[in-house]
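Here the structure comes first, spelled out in C-alpha cells, and everything after it is commentary.
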Amino acid sequence: MNRPQDAFGPLLKSWRNRRHVSQLDLAMDAGMSQRHISFLETGRSKPSRYAVRQICEALEMPAAEHDVMLVSAGFAPQSTDASWNAEVRAAVDASIDQLLMSHEPYPAVSIDRIWNLQKTNESAQKFFAVVGGTGQPNLLRDLFSPGILRDNIRNWSEVTRALFRLLDLEVARRPHDADGQNLLEELKSLPGVAEAIAARSRDHPAPVLSVEFLVEGTELRLFSLIATVGMSMDATLDDLRIETLLPADEQTRSWFKRFE
1 MNRPQDAFGP
11 LLKSWRNRRH
21 VSQLDLAMDA
31 GMSQRHISFL
41 ETGRSKPSRY
51 AVRQICEALE
61 MPAAEHDVML
71 VSAGFAPQST
81 DASWNAEVRA
91 AVDASIDQLL
101 MSHEPYPAVS
111 IDRIWNLQKT
121 NESAQKFFAV
131 VGGTGQPNLL
141 RDLFSPGILR
151 DNIRNWSEVT
161 RALFRLLDLE
171 VARRPHDADG
181 QNLLEELKSL
191 PGVAEAIAAR
201 SRDHPAPVLS
211 VEFLVEGTEL
221 RLFSLIATVG
231 MSMDATLDDL
241 RIETLLPADE
251 QTRSWFKRFE
C-alpha cells in the first residue's frame with residue numbers, strides 16, 4: 001500500500017484503459033470535466049478525497065483498489081476508518097456465524113478472496129477430515145496439492161480448471177493483489193495443475209459443476225453457492241465469501257444425515 005503520491009495519474013490512466021472508457025466518458029460518469037480528468041492523469045492537478053471516490057465509483061473499482069488510489073493521492077485508505085468498521089464487522093461476523101450454523105448438516109465455510117479459511121461450521125470440519133483434508137488454511141492449496149483429498153476427488157482435473165479460473169478472475173479484478181498473484185503461480189507449479197488447466201473441457205458440460213468425491217466407497221456429489229457482502233466499501237468486508245456446499249443427489253443427501 002506504500003505508493004508515491006505522484007502515482008495517482010498513471011494509476012488512473014491504467015484503470016481507465018482497463019475499463020475501455022475515454023476521458024470524456026469518465027468525466028461524465030464522475031461528474032467532472034474532461035479537462036480535469038486530463039490534468040489528473042498528467043499530474044497537473046491533485047485530486048481531492050471526494051474526487052478519488054467519484055472516480056473509483058465511476059470505474060467500478062474493488063474496495064481494495066479504491067484504497068490503493070487513495071494512498072497514491074496522499075490520503076489514508078478508507079478501510080482504516082475504525083469509527084464505524086468495528087460495529088459493522090461485529091454485525092457481519094454474527095450474521096456469518098448464523099449462516100454457517102443454519103446450513104448444517106452440510107458443509108459451509110467463510111473464506112477470503114483467495115480461499116483462505118476464516119470460519120467453518122461443524123459439518124465442514126467433519127467432512128474435510130473424512131475426505132482427507134490436511135487442515136491447512138488455504139482451501140485451494142489443499143485441493144490442488146497431491147494427497148488423500150486430491151485423490152478422493154474423482155473429477156479433480158475438471159474442478160481444478162474451474163477453481164483456477166475463478167481465482168484468476170478474482171486476481172484480475174485487483175491488479176495490485178500480490179498475495180493473489182503469488183498464489184496463482186504457486187498453484188500452477190504444483191504437480192498436474194498446469195496440465196489440468198490446459199486440458200480441453202468436455203463438449204457438453206453440465207450447467208452446474210459438481211465436485212465428485214469417493215468417500216468410504218460411496219460416491220458423493222456436491223455443488224456450491226457463494227455469497228458476498230453486498231455494497232461493501234471496505235476492503236476487508238469486500239474480501240469475505242460464504243461458500244455453502246449442497247448435495248447434488250439423494251445419495252449424497254442421505255450420507256450427510258450422519259452429521260445431524
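Just so you know, we're using our numbering here: the sequence shown kicks off at 1 and counts up by one.
Glycine included, each C-beta is placed from N, C-alpha and C at the ideal position.
All values reported here derive from a predicted model rather than from experimental measurement.
DSSP places R241 inside the beta strand (DSSP E), whose first and last residues are 241-247.
Judged by DSSP secondary structure, E212 falls within the beta strand (DSSP E) whose first and last residues are 211-215.
The stretch 126-139 and the stretch 190-198 do not touch, with fewer than three beta-carbon pairs separated by less than 8 angstroms.
Its chain contains Q251, W255 as the residues whose beta carbon lies nearer than 8 angstroms to that of T218, once the 5 sequence neighbours on both sides are disregarded; these appear in chain order. Unbroken alpha helix (DSSP H) stretches of 4 residues or longer found wholly inside the stretch 17-47: 23-30, 34-42, given in chain order. Residue environment for Q23: buried (at least 16 other C-beta atoms within 10 angstroms of its C-beta).
In this structure, the beta-carbon distance from L140 to L163 falls below 8 angstroms.
Going by DSSP, Q54 is part of the alpha helix (DSSP H) stretching over 49-58. As DSSP reads the structure, N116 sits in a beta bridge with N138. Of all alpha-carbon atoms in N152, R154, Y50, A91, the one lying nearest the alpha-carbon of M32 is that of Y50. Between the stretch 236-251 and the stretch 96-109, the count of Cβ pairs shorter than 8 angstroms is three or higher; the stretches touch. Put simply, the stretch 96-104 touches the stretch 114-126. At least three CB pairs are less than 8 angstroms apart. Between L222 and V92, the C-beta spacing is not below 8 angstroms. Rounded to whole angstroms, the gap between the alpha carbons of V171 and E216 is 36 angstroms.
DSSP, read as helix, strand or coil, puts A108 in strand. When DSSP reads this structure, F223 sits in a beta bridge with L246. Scanning I153, L184, A178, D179 for the CA closest to the CA of L166 turns up L184. In this structure, the straight-line span from the alpha carbon of K257 to that of S102 is close to 15 angstroms. Excluding five sequence positions before and after R253, the CB atoms of its chain that fall closer than 8 angstroms to its own CB belong to P247, given in chain order. If you compare the alpha carbons of N182, G147, N152 with that of L214, the shortest gap goes to N152. About 16 angstroms separates the Cβ atoms of A73 and L26, ruling out a contact at the 8 angstroms cut-off.
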